[in-house]
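*Asks:* Numbering (our numbering), first residue to last: 95 to 377.
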Amino acid sequence: MIDKKEFLLDSIIKAYIQHQEPIGSGQLKSMYNISYSPATIRGYFKKLCDEGYLAQEHVSSGRTPTIEALQQYWMGRLDFKLAPIDQNKLQQAALDMGLTLFVKQQTTDTLHRVLNVENVYMILEFYKTHMLDNINNNFAITTSDDSYAVTIKFNQAFYKFLQDVKGRTFDEILLIAQQVGATHLHRELSKYLQHNIFNIYNTKQFLKMAISYDMKERDIDMFLHGDIMIKLKQGIYINNILPKNHIAVCHDTKIDNKDVKILVVGEVSKDYDQFYNKILANN
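(1) Along the chain, where does the beta strand (DSSP E) that runs through Asn182 open and close?
(2) So, do the segment 201-208 and the segment 253-269 have three or more beta carbon pairs nearer to each other than 8 Å?
(3) Cutting at 7 Å between CB atoms, please list the residues of its own chain near Leu326, excluding the five before and the five after it.
(4) Let me confirm a value: Ala342 is counted as buried when at least 16 other C-beta atoms fall within 10 Å, else exposed. Which label applies?
(5) Nearest to Glu282 by alpha carbon, out of Lys355, His152, Ile267 and Tyr295?
(6) Just the Cα atoms here: how many angstroms apart are Ala390 and Ala375?
(7) Could you compute how far the alpha carbon of Ala133 sits from the alpha carbon of Gln150?
(8) Taking buried to mean at least 16 other C-beta atoms within 10 Å of its own C-beta, is Phe233 buried or exposed?
(9) Would you mind listing the alpha helix (DSSP H) stretches within the segment 274-321 that are 4+ residues and don't spill past its ends, in chain order?
(10) For Gly120, which of helix, strand or coil comes out of DSSP?
(11) Which residues in the same chain have their Cβ closer than 7 Å to the Cβ of Leu142, if we skip the five residues on either side of it in sequence?
(12) Tell me the DSSP bridge mates of Gln199?
(13) Using only the alpha-carbon positions, how far apart do Leu184 and Asn213 sit?
(14) Quick one: what's got a C-beta closer than 6 Å to Leu279's C-beta in the same chain, skipping five residues either side?
(15) Run the CB neighbour count on Asp227, radius 10 Å, all protein chains shown included, and call it buried at 16 or more, exposed below.
(16) Assuming Met323 contacts Phe292 (C-beta within less than 8 Å), just tell me the rounded distance between them.
(17) Among Phe101, Lys222 and Ile111, which has the Cα closest to the Cα of Phe369?
(18) Do you know how far the Cα of Glu115 is from the Cα of Tyr331?
(19) Could you check the C-alpha separation between Phe101 and Gly192 for me, to the nearest Å?
(20) Comparing alpha-carbon positions, which option in Ser124, Phe139 and Ile161 lies nearest Ser363?
(21) Distance, Cα to Cα, Leu209 vs Ile217?
(22) I need the DSSP call for Tyr370, collapsed to helix, strand or coil.
(23) Run through the DSSP bridge pairs and tell me what Leu205 is partnered with.
(24) Assign Lys198 to buried or exposed, taking buried as 16 or more other Cβ atoms, counted over all protein chains shown, within 10 Å of its Cβ.
(25) Express the C-alpha separation of Arg312 and Phe255 in angstroms, rounding to a whole number.
(26) Look up Glu100 in the DSSP assignment and say whether it is helix, strand or coil.
(27) For Asn213, list the residues DSSP reports as bridge partners.
(28) Would Leu336 be called buried (16 or more neighbouring beta carbons within 10 Å of its own) or exposed?
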(Lines of atoms letter the chains of each structure in order from A and count residues from 1; the text may use other names and numbers.)
(Lines give C-alpha, C1' and ligand atoms only; values in the text may rest on other atoms or scores of the structure.)
Protein backbone atom coordinates (compact mmCIF):
# COMPACT_ATOMS: atom_id res chain seq x y z
CA MET A 1 0.00 0.00 0.00
CA ILE A 2 1.34 3.43 -1.00
CA ASP A 3 2.20 5.72 1.94
CA LYS A 4 1.50 9.45 2.26
CA LYS A 5 4.95 10.52 1.14
CA GLU A 6 4.90 8.32 -1.98
CA PHE A 7 1.34 9.43 -2.76
CA LEU A 8 2.26 13.11 -2.53
CA LEU A 9 5.41 12.64 -4.61
CA ASP A 10 3.40 10.81 -7.25
CA SER A 11 0.79 13.58 -7.19
CA ILE A 12 3.23 16.48 -7.50
CA ILE A 13 5.04 14.76 -10.37
CA LYS A 14 1.76 14.33 -12.25
CA ALA A 15 0.84 17.95 -11.56
CA TYR A 16 4.24 19.23 -12.68
CA ILE A 17 4.17 17.18 -15.90
CA GLN A 18 0.72 18.54 -16.66
CA HIS A 19 1.40 22.22 -15.86
CA GLN A 20 5.19 22.51 -16.31
CA GLU A 21 5.52 24.90 -13.35
CA PRO A 22 6.37 24.72 -9.62
CA ILE A 23 3.50 23.29 -7.56
CA GLY A 24 2.52 24.66 -4.14
CA SER A 25 0.89 22.70 -1.31
CA GLY A 26 -2.46 24.49 -1.60
CA GLN A 27 -2.47 24.12 -5.37
CA LEU A 28 -1.78 20.39 -5.14
CA LYS A 29 -4.50 19.92 -2.51
CA SER A 30 -7.16 21.60 -4.69
CA MET A 31 -6.03 19.91 -7.93
CA TYR A 32 -6.50 16.38 -6.61
CA ASN A 33 -8.95 17.05 -3.74
CA ILE A 34 -6.37 15.75 -1.25
CA SER A 35 -7.67 15.33 2.29
CA TYR A 36 -4.37 16.30 4.01
CA SER A 37 -3.99 19.89 5.20
CA PRO A 38 -1.62 22.25 3.34
CA ALA A 39 0.64 22.24 6.41
CA THR A 40 0.87 18.44 6.32
CA ILE A 41 1.62 18.53 2.60
CA ARG A 42 4.34 21.14 3.16
CA GLY A 43 5.89 18.93 5.84
CA TYR A 44 6.14 16.04 3.40
CA PHE A 45 7.42 18.39 0.70
CA LYS A 46 10.30 19.33 3.01
CA LYS A 47 11.14 15.66 3.63
CA LEU A 48 11.09 14.99 -0.12
CA CYS A 49 13.36 18.00 -0.71
CA ASP A 50 15.80 16.70 1.93
CA GLU A 51 15.79 13.29 0.21
CA GLY A 52 16.51 14.79 -3.21
CA TYR A 53 13.14 14.15 -4.85
CA LEU A 54 11.89 17.75 -4.91
CA ALA A 55 13.57 21.11 -5.42
CA GLN A 56 12.55 24.67 -4.47
CA GLU A 57 14.14 27.67 -6.17
CA HIS A 58 12.81 30.25 -3.69
CA VAL A 59 11.42 30.06 -0.16
CA SER A 60 8.03 31.36 -1.29
CA SER A 61 7.81 29.29 -4.50
CA GLY A 62 6.30 25.87 -5.11
CA ARG A 63 8.27 22.67 -5.59
CA THR A 64 9.41 20.88 -8.71
CA PRO A 65 10.40 17.20 -9.00
CA THR A 66 14.10 16.63 -9.57
CA ILE A 67 15.43 14.84 -12.65
CA GLU A 68 16.08 11.78 -10.49
CA ALA A 69 12.47 11.77 -9.27
CA LEU A 70 11.12 12.05 -12.80
CA GLN A 71 13.42 9.29 -14.02
CA GLN A 72 12.29 7.01 -11.22
CA TYR A 73 8.65 7.85 -11.93
CA TRP A 74 8.87 6.88 -15.61
CA MET A 75 11.04 3.85 -14.95
CA GLY A 76 8.12 2.41 -13.02
CA ARG A 77 5.53 3.19 -15.69
CA LEU A 78 6.95 2.76 -19.17
CA ASP A 79 8.41 -0.75 -19.18
CA PHE A 80 5.55 -2.55 -20.93
CA LYS A 81 4.83 -4.42 -24.16
CA LEU A 82 3.40 -2.05 -26.75
CA ALA A 83 0.37 -3.18 -28.75
CA PRO A 84 0.36 -2.77 -32.56
CA ILE A 85 0.14 0.89 -33.53
CA ASP A 86 -0.80 3.08 -36.49
CA GLN A 87 2.02 4.90 -38.28
CA ASN A 88 0.05 8.12 -38.82
CA LYS A 89 -0.92 8.31 -35.14
CA LEU A 90 2.69 7.70 -34.15
CA GLN A 91 4.02 10.44 -36.40
CA GLN A 92 1.40 12.98 -35.30
CA ALA A 93 1.88 12.17 -31.60
CA ALA A 94 5.64 12.76 -31.90
CA LEU A 95 5.00 16.25 -33.28
CA ASP A 96 2.22 17.05 -30.79
CA MET A 97 4.24 15.97 -27.76
CA GLY A 98 7.68 17.28 -28.78
CA LEU A 99 9.27 13.83 -28.89
CA THR A 100 11.54 12.17 -31.44
CA LEU A 101 10.76 8.64 -32.61
CA PHE A 102 13.23 6.31 -34.29
CA VAL A 103 11.54 3.42 -36.11
CA LYS A 104 13.35 0.41 -37.57
CA GLN A 105 11.64 -2.39 -39.40
CA GLN A 106 12.85 -5.69 -37.98
CA THR A 107 14.51 -7.96 -40.50
CA THR A 108 16.07 -11.40 -40.57
CA ASP A 109 17.54 -10.86 -44.05
CA THR A 110 20.65 -13.01 -44.32
CA LEU A 111 24.04 -12.69 -45.99
CA HIS A 112 23.84 -15.35 -48.72
CA ARG A 113 27.11 -14.97 -50.58
CA VAL A 114 30.13 -12.73 -51.07
CA LEU A 115 31.42 -12.28 -54.62
CA ASN A 116 34.96 -11.25 -55.55
CA VAL A 117 34.95 -9.01 -58.62
CA GLU A 118 38.49 -9.23 -60.02
CA ASN A 119 40.06 -8.37 -56.67
CA VAL A 120 38.68 -4.84 -57.04
CA TYR A 121 35.25 -5.04 -55.42
CA MET A 122 33.30 -7.37 -53.18
CA ILE A 123 29.56 -7.78 -53.57
CA LEU A 124 27.62 -8.88 -50.50
CA GLU A 125 24.29 -10.40 -51.47
CA PHE A 126 21.55 -10.51 -48.86
CA TYR A 127 18.47 -12.69 -49.23
CA LYS A 128 15.22 -11.44 -47.81
CA THR A 129 13.30 -13.58 -45.35
CA HIS A 130 10.66 -14.82 -47.79
CA MET A 131 13.40 -15.79 -50.25
CA LEU A 132 15.03 -17.97 -47.59
CA ASP A 133 11.66 -19.64 -47.04
CA ASN A 134 11.45 -20.38 -50.76
CA ILE A 135 14.95 -21.89 -50.78
CA ASN A 136 14.13 -24.09 -47.80
CA ASN A 137 11.04 -25.33 -49.67
CA ASN A 138 13.02 -25.99 -52.87
CA PHE A 139 11.58 -23.10 -54.86
CA ALA A 140 13.98 -21.66 -57.43
CA ILE A 141 12.07 -18.61 -58.69
CA THR A 142 13.69 -15.29 -57.75
CA THR A 143 13.10 -11.64 -58.60
CA SER A 144 15.05 -8.45 -58.02
CA ASP A 145 12.89 -7.89 -54.92
CA ASP A 146 14.07 -11.15 -53.33
CA SER A 147 17.58 -9.94 -52.64
CA TYR A 148 19.76 -6.86 -52.51
CA ALA A 149 23.48 -6.24 -52.71
CA VAL A 150 26.05 -4.02 -51.08
CA THR A 151 29.31 -3.27 -52.88
CA ILE A 152 32.60 -2.41 -51.15
CA LYS A 153 36.28 -2.33 -52.05
CA PHE A 154 38.07 -5.67 -52.11
CA ASN A 155 40.30 -6.70 -49.23
CA GLN A 156 41.67 -10.23 -49.20
CA ALA A 157 41.66 -10.73 -45.42
CA PHE A 158 38.20 -9.25 -45.02
CA TYR A 159 36.90 -11.29 -47.97
CA LYS A 160 37.94 -14.48 -46.17
CA PHE A 161 36.38 -13.20 -42.96
CA LEU A 162 33.07 -12.48 -44.69
CA GLN A 163 32.99 -16.01 -46.10
CA ASP A 164 32.92 -17.24 -42.51
CA VAL A 165 29.96 -15.09 -41.51
CA LYS A 166 27.65 -16.07 -44.37
CA GLY A 167 24.26 -16.93 -42.96
CA ARG A 168 24.36 -14.11 -40.40
CA THR A 169 21.57 -11.54 -40.42
CA PHE A 170 21.82 -7.99 -41.73
CA ASP A 171 21.78 -6.61 -38.18
CA GLU A 172 24.56 -8.96 -37.09
CA ILE A 173 26.75 -8.03 -40.08
CA LEU A 174 26.20 -4.31 -39.43
CA LEU A 175 27.21 -4.75 -35.80
CA ILE A 176 30.26 -6.83 -36.75
CA ALA A 177 31.34 -4.17 -39.25
CA GLN A 178 31.22 -1.54 -36.52
CA GLN A 179 33.06 -3.72 -34.00
CA VAL A 180 35.96 -4.64 -36.33
CA GLY A 181 36.31 -1.13 -37.78
CA ALA A 182 35.17 -2.05 -41.30
CA THR A 183 34.26 1.57 -42.03
CA HIS A 184 33.36 1.20 -45.71
CA LEU A 185 31.10 -1.82 -45.13
CA HIS A 186 29.47 -0.18 -42.13
CA ARG A 187 28.80 2.97 -44.15
CA GLU A 188 27.22 1.07 -47.05
CA LEU A 189 25.05 -1.08 -44.79
CA SER A 190 23.96 2.04 -42.89
CA LYS A 191 22.92 3.65 -46.18
CA TYR A 192 20.69 0.70 -46.96
CA LEU A 193 19.21 0.80 -43.46
CA GLN A 194 18.48 4.53 -43.66
CA HIS A 195 16.92 4.39 -47.13
CA ASN A 196 14.83 1.24 -46.73
CA ILE A 197 13.97 0.15 -43.18
CA PHE A 198 14.59 3.14 -40.90
CA ASN A 199 12.59 6.31 -40.25
CA ILE A 200 12.84 9.25 -37.87
CA TYR A 201 9.79 11.26 -36.83
CA ASN A 202 10.42 14.81 -35.58
CA THR A 203 14.14 14.95 -36.36
CA LYS A 204 14.11 18.67 -35.60
CA GLN A 205 13.43 18.01 -31.91
CA PHE A 206 16.35 15.59 -31.67
CA LEU A 207 18.76 18.02 -33.37
CA LYS A 208 17.61 20.81 -31.05
CA MET A 209 18.51 18.59 -28.07
CA ALA A 210 21.83 17.55 -29.62
CA ILE A 211 22.88 21.17 -30.15
CA SER A 212 21.60 22.42 -26.78
CA TYR A 213 23.53 19.75 -24.86
CA ASP A 214 26.56 19.64 -27.15
CA MET A 215 26.27 15.93 -27.89
CA LYS A 216 29.31 14.28 -29.44
CA GLU A 217 29.18 13.95 -33.21
CA ARG A 218 29.60 10.16 -33.10
CA ASP A 219 26.64 9.88 -30.70
CA ILE A 220 24.48 12.05 -32.95
CA ASP A 221 25.41 9.90 -35.96
CA MET A 222 24.61 6.74 -34.00
CA PHE A 223 21.00 7.93 -33.72
CA LEU A 224 20.59 9.55 -37.13
CA HIS A 225 22.12 6.59 -39.02
CA GLY A 226 20.09 4.02 -37.12
CA ASP A 227 23.01 2.21 -35.44
CA ILE A 228 21.40 2.79 -32.05
CA MET A 229 18.50 0.57 -33.10
CA ILE A 230 20.83 -2.40 -33.55
CA LYS A 231 22.30 -2.00 -30.07
CA LEU A 232 19.23 -1.42 -27.92
CA LYS A 233 16.72 -3.98 -26.73
CA GLN A 234 13.26 -3.37 -25.31
CA GLY A 235 13.52 -1.34 -22.13
CA ILE A 236 14.13 2.10 -20.64
CA TYR A 237 17.44 3.96 -20.99
CA ILE A 238 18.58 6.97 -18.96
CA ASN A 239 21.88 8.86 -18.56
CA ASN A 240 24.11 6.52 -20.58
CA ILE A 241 23.08 7.44 -24.14
CA LEU A 242 21.37 10.83 -23.74
CA PRO A 243 21.69 14.08 -21.74
CA LYS A 244 20.78 13.59 -18.09
CA ASN A 245 17.31 15.12 -18.24
CA HIS A 246 16.22 12.91 -21.15
CA ILE A 247 14.89 9.39 -21.42
CA ALA A 248 14.72 6.78 -24.19
CA VAL A 249 12.10 4.02 -24.27
CA CYS A 250 12.58 1.10 -26.65
CA HIS A 251 9.66 -1.12 -27.71
CA ASP A 252 9.20 -4.11 -30.00
CA THR A 253 5.80 -3.80 -31.67
CA LYS A 254 4.03 -3.86 -35.04
CA ILE A 255 3.14 -1.15 -37.56
CA ASP A 256 0.95 -2.13 -40.52
CA ASN A 257 1.43 -5.76 -39.52
CA LYS A 258 5.23 -5.46 -39.80
CA ASP A 259 7.54 -6.14 -36.88
CA VAL A 260 9.30 -2.94 -35.85
CA LYS A 261 11.47 -1.58 -33.09
CA ILE A 262 10.68 1.97 -31.97
CA LEU A 263 12.72 4.25 -29.76
CA VAL A 264 10.92 7.14 -28.04
CA VAL A 265 13.28 9.97 -27.04
CA GLY A 266 12.47 13.10 -25.06
CA GLU A 267 12.82 15.08 -21.85
CA VAL A 268 11.84 13.35 -18.63
CA SER A 269 9.33 16.15 -17.98
CA LYS A 270 7.23 15.26 -21.04
CA ASP A 271 3.82 13.64 -20.58
CA TYR A 272 4.47 10.10 -21.78
CA ASP A 273 1.11 8.88 -20.47
CA GLN A 274 -0.57 11.28 -22.88
CA PHE A 275 1.74 10.23 -25.71
CA TYR A 276 0.90 6.54 -25.32
CA ASN A 277 -2.80 7.33 -24.96
CA LYS A 278 -2.62 9.16 -28.29
CA ILE A 279 -0.94 6.35 -30.22
CA LEU A 280 -3.08 3.61 -28.67
CA ALA A 281 -6.44 5.41 -28.94
CA ASN A 282 -9.16 3.24 -30.52
CA ASN A 283 -6.77 0.31 -30.96
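Where is the CB? At the ideal position from N, CA and C, for every residue including glycine.
All figures in this text were calculated on a predicted structure; none of them were measured in a lab.
*Replies:* Short version:
(1) As a position in the sequence shown, residue 182 is number 88, starting the count at 1. Unbroken run through Asn182 is the alpha helix (DSSP H), Gln181 to Met191; no beta strand (DSSP E).
(2) yes
(3) Counting from 1 along the sequence shown, the entry for residue 326 is found at position 232. Excluding positions up to five away in sequence, the list reads Cys344 and Leu357.
(4) In the sequence shown, the residue the question calls residue 342 occupies position 248. Its Cβ being crowded by 16 or more others within 10 Å, Ala342 is buried.
(5) Position 188 of the sequence shown holds residue 282. It is Ile267.
(6) Nothing about residue 390 can be read from this structure; the chain reaches only from 95 to 377.
(7) Here residue 133 refers to the residue found at position 39 of the sequence shown. Here residue 150 refers to the residue found at position 56 of the sequence shown. If I take the Cα positions, the gap works out to 16 Å.
(8) Position 139 of the sequence shown holds residue 233. Caution applies to Phe233, whose pLDDT of 37 falls short of 50 and renders its modelled position unreliable; the model cannot decide the point.
(9) 277-290, 297-306 and 311-318
(10) In the sequence shown, counting from the first residue as 1, residue 120 sits at position 26. Of the three classes helix, strand and coil, the one that applies to Gly120 here is helix, per DSSP.
(11) The residue you call residue 142 lines up with position 48 of the sequence shown. These residues qualify, in order along the chain: Lys99, Leu103 and Leu148.
(12) The residue you call residue 199 lines up with position 105 of the sequence shown. Beta-bridge pairing links Gln199 to Val354.
(13) For the purposes of this step, residue 184 is taken as the residue at position 90 of the sequence shown. For the purposes of this step, residue 213 is taken as the residue at position 119 of the sequence shown. Going from the Cα of Leu184 to the Cα of Asn213 covers about 46 Å.
(14) Working through the sequence shown from its first residue, we reach residue 279 at position 185. The residues are Ile246 and Ala271.
(15) Here residue 227 refers to the residue found at position 133 of the sequence shown. Below a pLDDT of 50, predicted positions are generally treated as unreliable, and Asp227, at 44, falls in that range; no measurement from the model is reported.
(16) Within the sequence shown, numbered from 1, the residue matching residue 323 stands at position 229. Within the sequence shown, numbered from 1, the residue matching residue 292 stands at position 198. The Cβ separation is near 7 Å, so the contact holds.
(17) For this step, residue 369 is matched to residue 275 along the sequence shown. If we check each option's Cα against that of Phe369, Ile111 comes out closest.
(18) Looking up residue 331 in the sequence shown gives position 237. Looking up residue 115 in the sequence shown gives position 21. Taking the straight line joining both Cα atoms gives about 25 Å.
(19) Here residue 101 corresponds to residue number 7 of the sequence shown, with the count starting at 1. Here residue 192 corresponds to residue number 98 of the sequence shown, with the count starting at 1. Taking the straight line from one Cα to the other gives about 28 Å.
(20) Taking the sequence shown and counting its residues from 1, the one referred to as residue 363 is at position 269. For Ser363, the nearest C-alpha among the options comes from Ile161.
(21) Here residue 209 corresponds to residue number 115 of the sequence shown, with the count starting at 1. Here residue 217 corresponds to residue number 123 of the sequence shown, with the count starting at 1. Their backbone Cα atoms lie some 5 Å apart in a straight line.
(22) Within the sequence shown, residue 370 is the residue found at index 276, counting from 1. Here Tyr370 sits in helix by DSSP.
(23) On the sequence shown, position 111 is the one that residue 205 refers to. Note: Leu205 sits in a beta bridge opposite Phe220.
(24) Counting from 1 along the sequence shown, the entry for residue 198 is found at position 104. By the 10 Å Cβ count, Lys198 comes out buried.
(25) Counting from one through the sequence shown, the residue named residue 255 turns up at place 161. Counting from one through the sequence shown, the residue named residue 312 turns up at place 218. One C-alpha to the other measures close to 26 Å.
(26) Your numbering for residue 100 matches position 6 in the sequence shown. Note: Glu100 maps to helix in three-state DSSP.
(27) Counting from one through the sequence shown, the residue named residue 213 turns up at place 119. For Asn213, which the question treats as bridged, DSSP gives no partner whatsoever.
(28) Sequence index remark: in the sequence shown, residue 336 carries index 242 (1-based). When all chains shown are included, Leu336 counts as buried.
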